[in-house]
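**Student:**
In my numbering, the protein residues as written are 132 to 242.
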């Protein structure tokens, strides 16, 4: 399951209304090759693919591919602002290490 905090839901809704169609869904992906093996990617997608898992978190539909799900299962997406600006924060129970940037992570080789 993937969850969005209230602040992440508000920010995703704001971004979606600003730049995408009302039926767009948030896609959370995992990319390889970052400083700690993997990084997160957030994009909008109109259509779910056959291999996608679709989650509903408040008013946001979230898409996660079957390949990315083992890395993201249990993820909580948050959004916060500080003196340097705002940004999404990823709280991933599968990550054994996260970079200080908050966008890269590594997982155990056992799982």
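We treat Cβ as the ideally placed atom computed from N, Cα and C, and that holds for glycine. These figures come from a predicted structure and were not determined experimentally.
1) So the candidates are 141, 199 and 210; which of them puts its Cα closest to the Cα of residue 183?
2) How many whole angstroms separate the CB atoms of residue 160 and residue 196, which I take to be in contact at a CB cut-off of 8 angstroms?
3) Taking the alpha carbon of residue 141 as the reference point, which residue from 180, 217, 238 and 223 has its own alpha carbon closest?
4) Under a Cβ-count criterion, where at least 16 other Cβ atoms within 10 Å of its own Cβ denotes burial, should residue 170 be classed as buried or exposed?
5) I need the straight-line Cα distance from residue 175 to residue 133, nearest angstrom please.
6) Apply the 10 Å Cβ neighbour rule to residue 145 and answer buried if 16 or more other Cβ atoms are within range, or exposed otherwise.
**Tutor:** This is what the structure gives:
1) On the chain shown, position 52 is the one that residue 183 refers to. Nearest option by C-alpha distance: 199.
2) As a working mapping, residue 160 is identified with position 29 in the chain shown. As a working mapping, residue 196 is identified with position 65 in the chain shown. Yes, they are in contact, since the Cβ atoms of residue 160 and residue 196 sit about 7 angstroms apart, within 8 angstroms.
3) One-based indexing of the chain shown puts residue 141 at position 10. Sorting 180, 217, 238 and 223 by C-alpha distance to the C-alpha of residue 141 places 217 at the top.
4) Numbered from its first residue, the chain shown carries residue 170 at position 39. By the C-beta density criterion, residue 170 is buried, having at least 16 other C-beta atoms within 10 angstroms.
5) In the chain shown, counting from the first residue as 1, residue 175 sits at position 44. In the chain shown, counting from the first residue as 1, residue 133 sits at position 2. Spanning the two alpha carbons is a distance of roughly 16 angstroms.
6) Translated into the one-based positions of the chain shown, residue 145 becomes position 14. Exposed, since its Cβ has fewer than 16 Cβ neighbours within 10 Å.
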